[in-house]
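Here the structure comes first, spelled out in structure tokens, and everything after it is commentary.
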Amino acid sequence: MITKEATEAAPAPARVAPAPPGPSKRRPAWDEVPRWQIYLPLSVYLVFTLIPFYWILLFALRPAGSTSLVPWPMTFDHFEKVWTDRSFGTFFQNSVLVGVATLVMTTLVALAGGYALARFDFRIKRGFMLALLCSQFVPGALLLVPLFEIFAELRMINSLGSVIIAETVFQLPLSMILISNFIKNVPYSLEEAAWVDGCNRMRAFRVVVLPLLRPGLIAVGSFAFVHSWNHFLFALMFLNNQEKQTIPVGLNTLMSADSVDLGALAAGGIIAAVPVVIVFAFIQKWLITGFSAGAVKG
Amino acid sequence: MAQAAAVAKPPAPPRRRRASATPRRLPYLLIAPAALLMLGFIAYPVVSVFYYSLQDYNPTKPWRNGYAGFDNFVRIFTDDPVFWDTLVFSAKWVFVEVGLQLLFGLALALIVNQTFVGRALGRALVFSPWAVSGVLTSAIWVLLYNSQTGITRYLADMGIGDYGTSWLSDTSTVFPAAIVADLWRGVPFFAILILADLQSVSKDLYEAAEVDGASRIKQFWHITLPHLKDAIILSTLLRAVWEFNNVDLLYTLTGGGPAGETTTLPLYIANTSVDAHDFGYASALTTVAFVILLFCSMVYLRLSKFGGDNK
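Line by line, the protein sequences are chains G and D.
Read in order, the letters of the first sequence are residues 1 to 298 in full-length UniProt numbering.
Read in order, the letters of the second sequence are residues 1 to 311 in full-length UniProt numbering.
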């Protein structure tokens, strides 16, 4: 009963993206845009988008002092130098730790809260929702001083924990709103059917709801990871010890040196980008669906 | 069993809670972790900012610390030209960035929403700078704007701009240079959100319009744009708040310079607290920024009639 209903419901999210019309079907008239009107502006924009990527690749791979416009002869000296001499190896570890911890904490806490918001009416619900929305207007950058004092009080300055907590807290409101919207899209009757079959609430949630939330959770989790991976200010403020710093802080240090080592900066930038590119490639197919299900439509 | 009890009682609403056989405390338990984190690390800091805004508080000059009344606010509005400069620059920055990002994002979304060969790749490439951080964006554009080896040197070869000075250190070029760098990263945000919303427009509407002989431009104005309205309002608002608050890019790209030319209000606040340790004054500035942000957001939502006619 549960499993039948669950499998019946499962294909529903997939239907969000309609299958492209087969080649045999006549194209609807509104779709007949002249090809050049697509390819010309797209190519112009892609030149603008891709040149910066090419440029950083070029600087990272060509030897220092070279002015060649192709990265040949290719060298990995800059990477070696940045990874060991400029401690990007350590920064990388720290960033991974912060990113994964933020992902796990944000997803778990937001899942619990999102479930409560989606499935219950309780007295402070409206107030809580309002607080979530208002918190979107509170700039983390402007709370640096009081946050610093709190973490100093907790003796967490120079510990990655401070950054993890700060990143999680500022990810939470939006993540929770998104997840509660995803949960609302799962029919309540599915859960109720599971209770009738003898599941308790926790088990019904795990067996029936959780599998259907996968695209949404992947989107939310990836945002949390990418955001904390990229974010710079908290780490800059709360981690003074070089051993504890993260990749963006390391990049900033490279940039603010008196004479910038461009090759090292480029290599460091690529090291900073790799995990994000991997995550991005991985979530691409869920991204649009996840957004349309939760982000904009209430 | 619980179901049967619920059926016996005519009014429906209590059924939900009863069927679950869970304590009424459950929702509170579920939101507790989130609520506690937000109370401790958002609400409490906000309150303390309000508190400090009425204090003289500078850890490097402890002898002057103490209650200051509204002195900090008086100083902001009557005796601080930097505040007004940064406020004007913030407005300019947010307005230009959000406007251009929306324009390009909308155009790109409309393009990659068409069916064409290479669409998947086109989308992936168009969206790719979305996930690039502010600091990495700065790093990339520092390389591009470098006066000796950057792309600007090659532009100078072609007669655009001059040799010698980096675009980032010249007061006449730093604004467009920073705008372009942030656009590069910001446009995909709008393109993704608008594309997501475009996919939910009913195709029947277009077919009906087609039957009625409406041109594609007419269809855009009368079908597509009204459909996108709420998404556009919400995303521009979120983006404006984000562009106002975000200091990563300008902090690392220009450091607010040259000559304070690109200092936004939040950047000024960060400098006041981090470099000058003038926490009391920085808190007062934060309070003012917060009120301005809230006020502008409310006016914007009211004027744009968010959620107005298509619900």
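Glycine is no exception: its CB is placed at the ideal position from the N, C-alpha and C atoms.
Here the structure is a predicted model, which is why all the values come from computation and not from measurement.
For this session: Keeping to the same chain, check which residues put their C-beta closer than 6 Å to that of Ala248/G; ignore five residues upstream and five downstream.
Result: It is worth fixing the name first, because residue 248/G is Pro in this sequence and not Ala. Same-chain partners within the cutoff: Phe232.
* Asked: Around the Cβ of Asp230/D, are there at least 16 other Cβ atoms within 10 angstroms (buried) or fewer (exposed)?
  -> buried
Open item on the list: If you reduce the DSSP assignment to three classes, tell me which class Tyr163/D lands in.
Closed with: Coil.
Along chain G, in chain order, which residues have C-beta atoms closer than 9 Å to that of Thr152/D? Ordered by position in chain G, no residue passes the 9 Å Cβ test against Thr152/D, which lies about 11 Å from the chain.
Ala224/G CB to nearest chain D CB: under 7 Å? At least 7 Å separates the CB of Ala224/G from every CB of chain D.
Leaving out the 5 sequence neighbours to the left and right, which residues in its chain are closer than 6 Å to Leu294/D when beta-carbon positions are compared?
none
Can you round the beta-carbon distance between Trp184/D and Thr137/D to whole angstroms, since I take them to be within the 8 Å contact cut? 7 Å
* To do: State the beta-bridge partners of Asp79/D as determined by DSSP.
  => DSSP, once it has assigned bridges, lists no residue as partnering Asp79/D.
*asked:* How far does the alpha helix (DSSP H) with Ile31/D in it extend, from its first residue to its last?
replied: From DSSP, the alpha helix (DSSP H) with Ile31/D extends over Leu26 to Met38.
| query | Mind listing which residues of the region 75-90 of chain G have their C-beta closer than 8 Å to chain D's C-betas, in chain order? | reply | none
Quiz item: Listed from N- to C-terminal order along the chain, which residues in the region 252-265 of chain D have their beta-carbon within a distance smaller than 7 Å of any beta-carbon of chain G?
Solution: Thr252
*asked:* Tell me the DSSP secondary structure of Tyr67/D in three-state form.
replied: strand
Give me the Cβ distance between Arg123/D and Val112/D, rounded to the nearest whole Å; I'm assuming they're in contact under 8 Å.
5 Å
* To do: Please confirm if Trp55/G has its CB atom under 7 Å from at least one CB of chain D.
  => yes
Contact the region 141-159 of chain D vs the region 204-213 of chain D: 3+ CB pairs below 8 Å
no
- Message: If you measure between the beta carbons of residue 337/G and Val82/G, is that distance less than 7 Å?
- Response: Residue 337/G falls outside the range modelled here, since chain G spans only 1 to 298, and no answer is possible.
Test item: CB-CB of Phe176/G and Gly216/G under 7 Å
Note that residue 176/G corresponds to Met in the displayed sequence, not to Phe. The Cβ-Cβ distance between Met176/G and Gly216/G does not fall below 7 Å.
| message | Within 10 Å of its beta-carbon, does Ile56/G have 16 or more other beta-carbons around it, so buried, or fewer, so exposed? | response | buried
Interface flag, Ile233/D vs chain G, CB-CB below 7 Å:
It does not; no Cβ of chain G falls within 7 Å.
| query | Residues in the region 158-169 of chain D with C-beta within 9 Å of chain G's C-beta atoms, listed in sequence order? | reply | none
| request: Drop a sphere of 10 angstroms on the beta-carbon of Glu191/G, count the other beta-carbons inside from all chains shown, and report buried for 16 or more, exposed for fewer. | output: Burial call: buried.
- Message: Determine whether the beta carbon atoms of Gly198/G and Phe170/G lie at a separation below 7 Å.
- Response: no
So what's Gln148/D in DSSP terms, helix, strand or just coil? coil
Review point. Considering only residues of the same chain and omitting the five flanking positions on each side of Val241/D, which have a CB-CB separation below 8 Å?
Key: Within the same chain, Leu293 and Ser297 come within 8 Å of Val241/D by CB-CB distance, once the 5 residues on both sides are set aside.
At which residues does the alpha helix (DSSP H) containing Tyr51/D begin and terminate? Tyr44 to Tyr52
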